[in-house]
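In UniProt numbering, the protein residues as written are 1 to 222.
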């Protein structure tokens, strides 16, 4: 989706959650072009993939918004379009923006999903994120998210037998039911279980915070 704005809507947020969970559809949207840490919606909703833009050198584009809701990055600077330079021109325009990056991720998602249509939207999203090429700071960061989208790696991951639901659950070293003071980024307490690792359950809690302390490695099983 090539659209966005700064206004959070709980109704809209709930709608995207239903689309993801009940309709098994994956929504992918542009992170925004303000070049700051502002949240742009619908990209910043939990059940929408937020896409950042990179340049030809795999550096984050200066205009790309960066925050803890960015999920993945893709080329978005000087992208050759199908739009003519002018009415009489035979040349096509080069465009820049996270709206140019988003179609790359949508295309990769469609390509990967077409190889195995039995996979769920959640599995395709995880495959894209876990197979992304790590850029910037090691691990997930607010600029590139999980990294640069890679169709080859995502396909290889699925071919290896990747599944969202492991056959045996990992042993949890520590678990606390709904610790006092923990809320999601919208200030709501969902009575979740929190773990010290992001591999214990299927719904990750990137962006959950305790009075400003980000729990990027926490995991929420609602």
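Think of the CB as a built atom: it goes at the ideal place given N, C-alpha and C, for glycine as much as any other residue.
How would you label residue 91, buried or exposed, when you count the other beta carbons within 10 angstroms and need 16 or more for buried?
The residue is exposed, with fewer than 16 neighbouring Cβ atoms inside 10 Å.
Return the Cβ separation of residue 43 and residue 29 in integer angstroms, given the expectation that the two are a contact with Cβ distance under 8 Å.
Indeed they touch by this definition, with Cβ atoms about 4 Å apart.
Just to check my reading of the structure: residue 96 and residue 76 have Cβ atoms closer than 8 Å, yes? What is that Cβ distance to the nearest angstrom?
About 6 Å; that satisfies the 8 Å criterion.
Roughly how many angstroms separate the alpha carbons of residue 14 and residue 131, rounded to a whole number?
Cα to Cα, residue 14 sits roughly 28 Å from residue 131.
Taking DSSP as the reference, what is the three-state secondary structure of residue 34?
Of the three classes helix, strand and coil, the one that applies to residue 34 here is coil, per DSSP.
List the DSSP bridge partners of residue 138.
Note: residue 138 sits in no beta bridge, so no partner.
Pick helix, strand or coil for residue 16, following the three-state DSSP scheme.
Of the three classes helix, strand and coil, the one that applies to residue 16 here is helix, per DSSP.
Could you tell me the alpha carbon to alpha carbon distance between residue 72 and residue 55, rounded to whole angstroms?
So the two alpha carbons sit approximately 14 Å from each other.
What does the Cβ neighbour count give for residue 11, buried or exposed, with the cut at 16 atoms within 10 Å?
Per the 10 Å Cβ criterion, exposed.
Give a yes or no on whether the C-beta atoms belonging to residue 135 and residue 148 are separated by under 7 Å.
Contact flag set, yes.
How long is the line joining the alpha carbons of residue 34 and residue 117, rounded to whole angstroms?
Computed Cα separation, rounded: 36 Å.
Grab me the residues of residue 58's own chain with a C-beta within less than 7 Å of its C-beta, minus the 5 sequence neighbours each way, in chain order.
Taken in chain order, the residues that qualify are 135, 148.
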